[in-house]
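In what follows, a single structure is set out as structure tokens and then discussed.
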Amino acid sequence: MSPPLRAAIVLSLGALWPAFGQVPATPEAAEPAAGETADWLFDSLSDSFAVGEAGTLRFRHPWGDVRVEGAATDRIHVTALAQLHRDDPRRPSIRFAPGAATHELVVEFAPDEGAADEAWKRRRIDVGLLVPAGLELELETDRGLIEVEKMTAASRLTSDRGDVVYDGAGSLAARTERGSLRALLRTTGDGRTAELSTLTGDIRCILLADARADVTLETRGPVTTDYSVAIDRAPGSPLKKGRIRIGENGTAITLTSHSGGIRLQGLLAPEVEAEGD
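According to this note's numbering, the sequence shown is numbered sequentially starting from 514.
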């Protein structure tokens, strides 16, 4: 993988999301305060593994952000950028366990041995993956951002407090407890599904201009949409339930937020790929 591509995957995949604008970094990604920089190291590591063009990649990552890009390849390319204290003896590592159907990836620091300095807890690892576009994904973070783009297979994306951003054509199941969800769905009514749910965060979903979709939504927050929507709300209840039908035999889309806002948009015109893409 070339250095420019490696840098793009690890540091700035958010720039590839013009429909959403800039994707905010997680708070833990901030650089150490002035005067502390000399005590912190940035360590990069990378590896590559053959997986074929199908199957499932399972990756639970509690250490930071995860960014994934699908491509025409039969390998998983892993690039990680770690932040750790100079005195911390535990260095990051990449481990991969291939399977007949499911592959397991681990990017982590060595286990704690004895009492660790309180300041060392700010250590983190942000990971970028270039994977086969047809590989199914099962990704999970604690606080970290999850970004996925250019995938055609199903993705299951879960975070506790991190945001989830998706741009792809596969089926999608995305959930975050306290983060926001943003998805550009490139399905056009081919039997695939999309389920986006969050407890307190907002949901923003964008459909292609020629999309066919059957959308159900539920929230106690505001609802904004480019489409005609029928809202059902019991008297005195803040809970709103809505239904939107766009064309026939559309993608089944479910948008659920306990208290956040839901925004459903449509692109005004079909996208045109730039020459050479």
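Built from N, CA and C at the ideal position, the CB exists for glycine as well.
If contacts are defined as beta-carbon pairs under 8 angstroms, then residue i and residue j qualify, I think. What distance do you get, rounded to the angstrom?
i, j, result
"ALA646", "ALA726", "Going by Cβ atoms, the distance from ALA646 to ALA726 rounds to 22 angstroms, so no, they are not a contact pair."
"THR654", "PRO575", "7 angstroms"
"GLY734", "GLY692", "Not quite, the Cβ-Cβ distance comes to about 15 angstroms (not below 8 angstroms), so this is no contact."
"LEU558", "PRO611", "19 angstroms between Cβ atoms; not a contact."
"GLY704", "VAL579", "Actually they do not touch by this definition, with Cβ atoms about 28 angstroms apart."
"VAL742", "ILE757", "5 angstroms"
Are the beta-carbon atoms belonging to residue i and residue j less than 8 angstroms from one another?
i, j, result
"ARG674", "GLU690", "yes"
"LEU650", "VAL591", "no"
"LEU777", "VAL728", "yes"
"ARG636", "HIS598", "yes"
"PHE555", "LEU594", "yes"
"GLY583", "THR665", "yes"
"ALA722", "LEU780", "yes"
"ASP732", "ILE759", "Inspection of the sequence shows that residue 732 is occupied by Thr rather than by Asp. Result no, Cβ atoms of THR732 and ILE759 do not sit closer than 8 angstroms."
"ASP676", "ASP630", "no"
"VAL581", "VAL644", "yes"
Quick one: what's residue i bridged to in DSSP?
i, result
"TYR679", "VAL661 and ALA696"
"SER772", "SER772 is not bridged to any residue."
"VAL644", "GLY583"
"ASP715", "ASP715 is not bridged to any residue."
"LEU752", "The partner list for LEU752 (beta bridge, DSSP) is empty, contrary to what the question assumes."
"ASP639", "LEU594"
"GLY779", "LEU720"
"ALA610", "GLU617"
"SER668", "LEU650 and LEU685"
"ASP745", "LYS754"
"THR738", "LEU777"
"ALA726", "ILE759 and THR764"
Suppose you measure from the CA of residue i to the CA of residue j; what does that come to, to the nearest Å?
i, j, result
"THR713", "LEU730", "15 angstroms"
"ILE659", "ARG746", "33 angstroms"
"ILE744", "VAL640", "41 angstroms"
"ALA707", "ILE719", "12 angstroms"
"TRP553", "SER684", "40 angstroms"
"SER710", "ILE589", "28 angstroms"
"ALA682", "PHE622", "34 angstroms"
"ILE716", "THR569", "26 angstroms"
"ASP739", "LEU768", "15 angstroms"
"THR701", "PRO751", "32 angstroms"
"ALA613", "ARG699", "29 angstroms"
"GLY765", "ARG571", "Going by the sequence as given, residue 765 is Ala instead of Gly. Using only the alpha carbons, I get a separation of about 25 angstroms."
"THR671", "GLY577", "13 angstroms"
"VAL619", "LYS663", "22 angstroms"
"LEU648", "VAL661", "12 angstroms"
"ALA632", "ARG573", "24 angstroms"
Is there a Cβ of chain D sitting closer than 8 angstroms to that of residue i, yes or no?
i, result
"ARG717", "The structure shown has no chain D; it contains just one protein chain."
Taking only runs of the beta strand (DSSP E) that begin and end inside the region 545-586, which ones reach a length of at least 3 residues, in chain order?
Runs of the beta strand (DSSP E) inside the region 545-586: 553-563, 569-574 and 579-584.
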